[in-house]
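Visitor: Dropping the structure in here first, questions after.
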Amino acid sequence: MFFDYETRGRVLFGNEAISAYVSQTEGRLMRALKSILGSPLIDEETSLGGRKVQFREVVEIFVRHLKHKAEAFAGQEITSAVHGRPVRFVDDDDKADARAQVVLGAIARQAGFRDVTFVYEPIAAAHQYE
């Protein structure tokens, strides 16, 4: 996701985000957000266009974007979601791994999902071939 400083507040996602970054639009590109879920960084703040923002809020912006895209596609409100999660958010640290899932669940609820469940990403991918 790309926080566009030139338009003060516009956030771009996917290919649009990469294009803005590559074209040297003033802003900040953020990738691999999942990697901070199990780390102490999730409770820290970062600067986005001169404004302090918690990393939790950054992840919430992304999850909220996904929710809006899904609702636009479905033509209705979506209140339940099954989130894919890595088999291990954090290698060799069971507490941090469990905390990462709890944090992502809380963020998903903040973004508007009422029912949040998780499935390991390899299992989610396998469902495509059932």
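Start counting the sequence shown at -12; every next residue gets the next number (my numbering).
In this text, a Cβ means the ideal position worked out from N, Cα and C, and glycines have one as well.
#1: Could you tell me which residues DSSP puts in a beta bridge with G71?
#2: Considering only their Cβ atoms, is the gap separating I94 from E47 smaller than 9 Å?
#3: Could you spell out the range, first to last residue, of the alpha helix (DSSP H) harbouring G1?
#4: If distances are taken between C-alpha atoms only, which option among H55, A57 and H70 comes closest to L91?
#5: Quick check on the burial criterion: 16 or more other C-beta atoms within 10 angstroms. Buried or exposed for V89?
#6: Checking the sheet assignment: what are the DSSP bridge partners for R(-5)?
#7: How about the segment 8 to 28 and the segment 55 to 69: do they share at least three Cβ pairs that are nearer than 8 Å?
#8: Since I believe F105 is in contact with R72 (beta carbons under 8 Å), could you give me their beta-carbon distance rounded to a whole number of angstroms?
Guide: In short, the structure shows the following:
#1: Indexing the sequence shown from 1 puts residue 71 at position 84. According to DSSP, which records beta bridges pairwise, G71 is partnered with V106.
#2: For the purposes of this step, residue 47 is taken as the residue at position 60 of the sequence shown. For the purposes of this step, residue 94 is taken as the residue at position 107 of the sequence shown. Going by C-beta atoms, E47 is nearer than 9 Å to I94.
#3: For the purposes of this step, residue 1 is taken as the residue at position 14 of the sequence shown. Residues G1 to V9.
#4: Position 104 of the sequence shown, counting from 1, holds the residue named residue 91. Here the closest residue by C-alpha is H70.
#5: Locating residue 89 in the sequence shown gives position 102, counting from the first residue. By the 10 Å Cβ count, V89 comes out exposed.
#6: Within the sequence shown, numbered from 1, the residue matching residue -5 stands at position 8. R(-5) pairs with nothing; no bridge assigned.
#7: no
#8: Mapped onto the sequence shown, residue 72 falls at position 85. Mapped onto the sequence shown, residue 105 falls at position 118. That belief holds up - the Cβ atoms of R72 and F105 are roughly 5 Å apart, short of 8 Å.
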